[in-house]
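Asks: In our numbering, the protein residues as written are 5 to 235.
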């Protein structure tokens, strides 16, 4: 069984969100190729910090870890996106009452975010903090099952107007992740390399951040190759 802890890139297609067992998303393609069951745990907007919280707090993860043949942390792309307005503000908008005020706040946020994103900074989670949470996740799994293969990813790319089409935080994150990978020997699958053509082809999701089917297929191919090397 493959445990995947992910953000929405792993379960959104060209027209929106899909069930965790949809046959065309990359985790399902990997499962079909390797003849593994898949446990996909994720949510839109998750960062490495959220992945760590899921690892230590979600009973589905606790049930999956003892049975897993490998674990993939398919998160980190959100960490690299420009977040000039506090991430906590975005998360709290859903709790604003009354509904009319919530709509006003969401509208203001949606108007400001793409304009301020052109600054390129700060990012949602600085590379040092992002890698620290990833290392906590790796160490927690190593404590429980030192033989369990772990795979992480390099961030995807985007062409998203909501983030000003700016992704200047990605190179620093890639450097930090490669350094961490060299220290820990955890392999990295480069999502950006796999999906770049798809994201900029016009065939991906119109939001400019989620992939089309070609992107999912390319990620699955890269992930299968890596998992075959480490299992």
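Backbone N, C-alpha and C fix where the C-beta goes; we use that ideal spot for every residue, glycine too.
Nothing here was measured: the structure is a model prediction, and the numbers come from that model.
Using the Cβ count rule (16 or more neighbours within 10 Å means buried), how would you classify residue 103?
Replies: Result: exposed.
Asks: Whole alpha helix (DSSP H) runs in the stretch 95–123 with 4 or more residues, listed along the chain?
Replies: You should have 103–121.
Asks: Can you tell me where the alpha helix (DSSP H) holding residue 61 begins and where it ends?
Replies: Here the alpha helix (DSSP H) through residue 61 covers 52–61.
Asks: When we look at the beta-carbon of residue 164 and count the other beta-carbons within 10 Å, is it buried (16 or more) or exposed?
Replies: Classification for residue 164: buried.
Asks: Determine contact between the stretch 100–120 and the stretch 54–72, defined as no fewer than three beta-carbon pairs at a distance below 8 Å.
Replies: The answer is no - the stretch 54–72 does not touch the stretch 100–120, with fewer than three Cβ pairs under 8 Å.
Asks: By DSSP, does residue 206 sit in helix, in strand, or in coil?
Replies: Looking at residue 206 - three-state DSSP - the assignment turns out to be coil, as it is neither helix nor strand.
Asks: In three-state terms, what does DSSP make of residue 165?
Replies: If DSSP states are grouped into helix, strand and coil, residue 165 belongs with the helices.
Asks: How big is the Cα-Cα spacing for residue 118 and residue 50?
Replies: The straight-line gap from Cα to Cα measures roughly 19 Å.
Asks: Taking the DSSP output, what are the residues bridged to residue 148?
Replies: DSSP lists no partner for residue 148.
Asks: Under 8 Å Cβ to Cβ from residue 180, same chain only, skipping five residues before and after it: list those, please.
Replies: Once the five neighbours on either side are set aside, the close Cβ partners of residue 180 are 131, 132, 134 and 135.
Asks: Below 6 Å CB to CB, which residues in the same chain sit around residue 174 once its five sequence neighbours on both sides are set aside?
Replies: Closer than 6 Å at the Cβ level, and outside the excluded window around residue 174, lie 84 and 159.
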